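According to my numbering, the sequence shown is numbered sequentially starting from -18.
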Amino acid sequence: MNKHDSEAVLGLLMDHGYELTENRDDADVFLINTCSVRKHAEDKAYSLLGKLTKLRKDKPNLVVGVIGCMAQKDKDEIFRRSSNVNFVCGTHNFHKIPETIEFVIKEKTRINRTDMDKQVFVSPTPSSRESKTSAWISVMRGCDNFCSYCIVPYVRGREVSRPSEDILREVKELAHAGYKEITLLGQNVNSYGKGLNENIDFSDLLEQVHRIRGIERIHFVTSHPKDISLKLIDTVVNLEKVSRYLHFSLQAGSDKILRLMNRGYTLSQYIDTVKNLRERMSDVKLGTDIIVGFPGEEEEDFDQTYQAMNDIQFDQAYMFKYSPRKGTAAFKLTDDVLQQIKKERLNKIINLQRSISQKKSK
Ligand code: SF4
């Protein structure tokens, strides 16, 4: 999603006459697109801001903007910690970035663009893309699930779907420009259609996209396990251009931890979905995310996660240590798993997944 956002902002600026430079010393405008899902990503952004001090000295008129989720969350903190920053801008305001830069240059001031009132889909469409064959397309943004560890609903806002007409127009333009592969993006694509003035769900959207000539492969991310419907499974089975890879995050194998995470399913419900998918598509590939060291995770909870991964045999997994995010429900829980234990648990599942992935790749 962040890479897509970066492309969209870059395209928007290019439409306003800006050019991309590979050399940081040549830049007149410096934008840092941020992620706030984990603390590590935020630390990297702050460290980069510190490094801009020299560049700012050499170029007093340099415009520095911090954009994206961390800008939304930490607006005041960013201004406080770095005098290098001219503006902050959250994901709901990306379309205002060109005018914001001009305002900053003209008024020589600092500005905060983080209001989030709009419940309509506002997201610039990239007019420039890194790849000439493969493109991301945003179909919805925000999330209403409020998993207890996750900052996304607070920084990206509530779920808003993009009208299908808009999506189909973009896909047709891409097909016309020679793109062959698209990825439909959303925090939870299975919620697609809610709140729109049209009677459509994500399966219907997939069918419509599938009809567009020229596009040969369709991916989508991400699906919430509790929302994978039989209709969606049927759609993936029946549409030959839709990739048979499903990324739907298990996060933990212990029902106690899943409950604390507010995930809305049990391990056995998750496994039923996996069985269903594999019965319908023997060649389906499955990907997941796993968090270790969530508050209250005891050895037996972790063992259940390990066992679940071993039983399910994912093709791919993104694995992380739990990182408390201020403002989330889990932040109120004691972060009681020692860093060393988190590290050991993470290494254990990384090693397990590595051996599974290698076996499958062979
Ligand atoms: S589904 Fe849960 S983890 Fe995913 S974005 Fe929404 S709140 Fe975050």
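Where is the CB? At the ideal position from N, CA and C, for every residue including glycine.
Model, not experiment: these values are computed from the prediction.
Any non-hydrogen atom of the ligand SF4 within 6 angstroms of residue i CB
i: GLN168; result: yes
i: PRO134; result: yes
i: ASN126; result: yes
i: CYS131; result: yes
i: HIS205; result: yes
Within-7 angstroms CB hit, residue i to chain D
i: GLU280; result: Included in the structure is just one protein chain, with no chain D present.
Inter-residue spacing [alpha-carbon to alpha-carbon] between residue i and residue j
i: GLU179; j: LEU149; result: 14 angstroms
i: ILE330; j: PHE283; result: 10 angstroms
i: ILE86; j: TYR299; result: 41 angstroms
i: LEU211; j: VAL170; result: 15 angstroms
i: TYR287; j: GLU279; result: 13 angstroms
i: ARG37; j: ARG62; result: 15 angstroms
i: LYS54; j: LYS343; result: 44 angstroms
i: GLY(-8); j: ASN(-17); result: 14 angstroms
i: SER115; j: TYR160; result: 6 angstroms
i: GLU281; j: ASN291; result: 15 angstroms
i: HIS191; j: ARG110; result: 22 angstroms
i: LEU231; j: GLY(-2); result: 44 angstroms
i: GLU257; j: TYR251; result: Before going on, a small fix: residue 257 reads as Asn here, not Glu. Computed Cα separation, rounded: 10 angstroms.
i: HIS228; j: GLU151; result: 24 angstroms
i: VAL45; j: PRO79; result: 13 angstroms
i: SER338; j: LEU314; result: 34 angstroms
i: ASP316; j: PRO134; result: 21 angstroms
i: VAL255; j: ILE59; result: 43 angstroms
i: THR95; j: PHE68; result: 10 angstroms
i: ARG198; j: ILE163; result: 6 angstroms
i: LYS207; j: ARG139; result: 18 angstroms
i: LEU166; j: ASP182; result: 14 angstroms
i: VAL66; j: GLY174; result: 38 angstroms
Exposed unless 16 or more other CB atoms sit within 10 angstroms - verdict on residue i
i: ASP(-14); result: buried
i: GLN285; result: buried
i: GLN320; result: exposed
i: GLU146; result: exposed
i: LYS323; result: buried
i: LEU1; result: exposed
i: ALA311; result: buried
i: HIS21; result: exposed
i: GLU325; result: exposed
i: ASN42; result: exposed
i: GLU3; result: exposed
i: LYS32; result: exposed
i: ASN74; result: buried
i: LYS113; result: exposed
i: THR247; result: exposed
i: HIS205; result: buried
i: GLU154; result: exposed
i: ALA158; result: exposed
i: LYS307; result: exposed
i: ARG137; result: buried
i: LYS25; result: exposed
i: ARG91; result: exposed
- Message: Contact between the region 115 to 132 and the region -9 to 9 is defined here as three or more beta-carbon pairs at a separation below 8 angstroms; is this criterion met?
- Response: Not touching, per the Cβ criterion.
- Cβ contact (3+ pairs, closer than 8 angstroms) linking the region 9 to 26 and the region 37 to 54: Touching, yes, given that three or more Cβ pairs across the two stretches are closer than 8 angstroms.
- Would the region 262 to 270 and the region -12 to 1 be scored as touching if the rule is three or more Cβ pairs under 8 angstroms? The region 262 to 270 is not in contact with the region -12 to 1.
- Item | At least 3 beta-carbon pairs within less than 8 angstroms: the region 129 to 145 vs the region 235 to 250 | Cβ pair count under 8 angstroms is three or more, so yes.
- Query: Can we say the region 256 to 265 touches the region 206 to 221, given the rule of at least three CB pairs closer than 8 angstroms?
  - Reply: Touching, yes.
- Item | Three or more C-beta pairs below 8 angstroms linking the region 189 to 207 and the region 221 to 228 | Judged by Cβ distances under 8 angstroms, the region 189 to 207 makes contact with the region 221 to 228, as three or more pairs qualify.
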